[in-house]
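Asks: All residue numbers in the sequence shown are consecutive under our numbering, ending with 656. Beta carbons: idealized from backbone N, C-alpha and C, even for Gly.
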Amino acid sequence: MTAEAGKHRGIPWRKWVAAWSQRVSDLAIPFLAVFTALAIGAVVIWASGASVPKAYQGLFEGALGSPRGIAETLVIATPYTLAGLAVALGFRCGLFNIGAEGQFYLGALFAVWVGYSVKGLPIFVHLPLAILVGALGGALWGAIPGFLKARLGTHEVINTIMMNYIAVLMVDWLVNRKGPMWDSTSTVPRTPYILPTATLPQLVPPYRLHAGLLIAIAAVFVVYWLLWKTTLGFEIRAVGANPSAAKYAGMSVTRNFVLAMTFSGVLAGLAGAGEVLGLNRTLPAAFVSGYGFDSIAIALLAKSHPLFVPFAAILWAILRNGAGLMQIRAGISVDLISIVQALVIAFVAADEIIRWLYRIGKKEEIKEVVFTRGWGR
């Protein structure tokens with residue numbers, strides 16, 4: 280074999296190595312972002328006069344140091360996973376779905392209504408029905424801004440923000456005193472408790488971990504299959520990458536906008552349904568979750584890839600669940616966790632900072648679209 284032939288044969292191998300090297304460096308960015316954020320958090324803790332080892336020991340012991348702590352971390356990660364998938368799916372279609380919080384509320388509202396009002400059904404009918412109706416509630420709240428975006432061109436950010444307010448205030452009115460869904464036997468404003476036949480079973484009694492975790496795990500693989508193994512998923516990703524080229528290729532941009540927002544609403548609605556069917560068993564007034572807003576950060580940290588969303592959700596759950604014990608052990612404010620979370624997002628969003636700090640080479644190829652297009656579209 281001549282030297283020239285050997286040179287040409289080596290090119291594919293070198294490209295393969297370069298491609299895998301690029302993938303490894305891209306996957307390292309989120310981990311380095313978390314590490315850097317924790318390191319800066321340690322400096323803040325030290326500057327405040329508290330013990331850094333005690334603070335982080337309390338953080339991780341509170342979240343992972345006991346069976347109860349692990350179970351509670353998974354309880355928190357369950358809605359985070361579903362809501363994170365909801366936002367990530369919208370990102371893949373080039374849509375910024377800020378409405379996961381409102382879709383979460385509508386899913387909870389529809390599910391709890393079926394849970395307490397529909398009677399006489401066995402659990403294998405009542406429970407799936409409550410879950411399905413909760414998903415439909417989220418789908419409705421996602422489809423509306425999707426339709427407005429597709430048909431009228433109104434920006435989904437504005438629409439979803441406004442619909443968040445509508446959902447929150449509507450739920451408060453429905454379950455408050457004298458509201459149509461208020462339980463008049465209760466001393467606090469809430470709906471009646473759901474029936475046992477609509478309750479998600481506990482996975483590890485006596486801990487609060489419930490079967491909603493299995494729904495979240497299944498949703499991860501369903502969304503992955505939808506996006507990468509189906510024609511519809513290819514169209515969603517193509518529209519997200521370049522709607523003009525997708526339209527030229529014969530794909531319906533408007534249809535994919537509506538479908539992506541509807542599917543996104545289904546996932547957020549499932550998250551809300553799981554909270555009332557598996558944990559609260561009722562829907563109280565001022566039902567502030569924050570899951571819908573945190574899910575934006577989770578989707579960003581996961582690079583909008585469904586298989587990475589659970590890991591980002593678990594990280595967020597660890598920070599949230601361990602914050603209380605960290606505060607007790609080190610005597611510092613629990614708000615420090617919010618600082619760490621903000622730093623993580625900042626470093627992931629501005630990954631050039633991490634690449635510069637750790638001398639990671641810049642990506643030569645065009646980055647895959649995982650966020651949204653310009654605000655003016």
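1) Reducing DSSP to helix, strand and coil, say where glutamate 647 ends up.
2) Relative to the C-alpha of lysine 582, which residue among Ala628, Arg608, Tyr472 and Ala414 is closest?
3) Considering just the uninterrupted stretch of the alpha helix (DSSP H) at aspartate 630, what are its terminal residues?
4) Could you check how far apart the C-beta atoms of glycine 544 and tryptophan 420 are, in whole angstroms? I think they sit under 8 Å.
5) Just grab the DSSP bridge partners of histidine 489 for me.
6) Could you tell me the distance, in whole angstroms, from the CA atom of leucine 636 to the CA atom of leucine 556?
7) So, with DSSP's three-state summary, where would you put arginine 469?
8) Restricting to Cα atoms, I'd like to know which of Gln336, Tyr444 and Glu380 is closest to glycine 363.
9) Is it the case that the Cβ atoms of valine 454 and alanine 550 are separated by a distance below 8 Å?
10) Would you kindly work out how many angstroms separate the C-alpha atoms of lysine 398 and leucine 415, rounded to a whole number?
11) To which residues does DSSP link proline 563 through a beta bridge?
12) Measure the CB-CB distance between alanine 524 and alanine 329 and report whether it falls below 8 Å.
13) Determine whether the beta carbon atoms of alanine 446 and glycine 413 lie at a separation below 8 Å.
14) May I ask you to report which of helix, strand or coil DSSP gives threonine 315?
15) Would you mind stating whether valine 313 and threonine 561 have Cβ atoms separated by less than 8 Å?
16) Following the continuous alpha helix (DSSP H) through alanine 609, name the residue where it begins and the one where it ends.
17) To the nearest angstrom, report how far apart leucine 474 and tyrosine 359 are at their CA atoms.
18) Three-state secondary structure (DSSP) at isoleucine 639?
19) Output the residue ranges of the alpha helix (DSSP H) runs that lie fully inside the region 341 to 409 and measure 4 residues or longer, sorted by chain position.
20) Am I right that alanine 316 and isoleucine 324 are in contact with their C-beta atoms under 8 Å? What's the rounded C-beta distance?
21) Indicate whether valine 657 and glycine 601 have their beta-carbon atoms separated by less than 8 Å.
22) In this structure, does DSSP put aspartate 573 in helix, strand or coil?
23) In the DSSP assignment, find the unbroken alpha helix (DSSP H) run with aspartate 451 in it and report its ends.
24) Beta-carbon within less than 7 Å of threonine 357's beta-carbon, same chain only, minus the 5 sequence neighbours each way: which residues are those?
25) Rounded to whole angstroms, what is the Cα-Cα separation between serine 304 and isoleucine 597?
26) So for asparagine 521, helix, strand or coil by DSSP?
27) Tell me which same chain residues have a C-beta within less than 8 Å of the C-beta of serine 327, skipping the five on either side of it?
28) Quick one: what does DSSP say aspartate 614 is sitting in, helix, strand or coil?
29) Classify serine 304 as helix, strand or coil using the three-state DSSP reduction.
30) Taking the alpha-carbon of proline 424 as reference, which of Tyr444, Val404, Thr352 and Asn376 has the nearest alpha-carbon?
31) Check glycine 653 in the structure and name its three-state DSSP category.
32) Determine the DSSP secondary structure at methionine 540, reduced to helix, strand or coil.
33) Which word fits glycine 529, buried or exposed, when buried means at least 16 other C-beta atoms lie within 10 angstroms of its C-beta?
34) How long is the line joining the alpha carbons of threonine 478 and tryptophan 507, rounded to whole angstroms?
35) DSSP on tryptophan 461, reduced to helix/strand/coil?
Replies: Once the coordinates are examined:
1) Confidence at glutamate 647 is low in this model, with a pLDDT of 48, below 50, so its placement is unreliable and the value that follows should be read with caution. Of the three classes helix, strand and coil, the one that applies to glutamate 647 here is coil, per DSSP.
2) Ala628
3) 630 to 636
4) 5 Å
5) Gln481
6) 46 Å
7) strand
8) Glu380
9) no
10) 20 Å
11) Arg469
12) no
13) no
14) helix
15) no
16) 588 to 609
17) 25 Å
18) coil
19) 346 to 371 and 379 to 396
20) Contact flag wrong, Cβ pair sits at about 13 Å.
21) The structure shown has nothing for residue 657, since the chain only spans 280 to 656.
22) helix
23) 435 to 454
24) Gly491, Leu492, Ala495 and Gly553
25) 25 Å
26) coil
27) Ile611
28) helix
29) helix
30) Asn376
31) Confidence at glycine 653 is low in this model, with a pLDDT of 43, below 50, so its placement is unreliable and the value that follows should be read with caution. Correct three-state label for glycine 653: coil.
32) helix
33) exposed
34) 33 Å
35) coil
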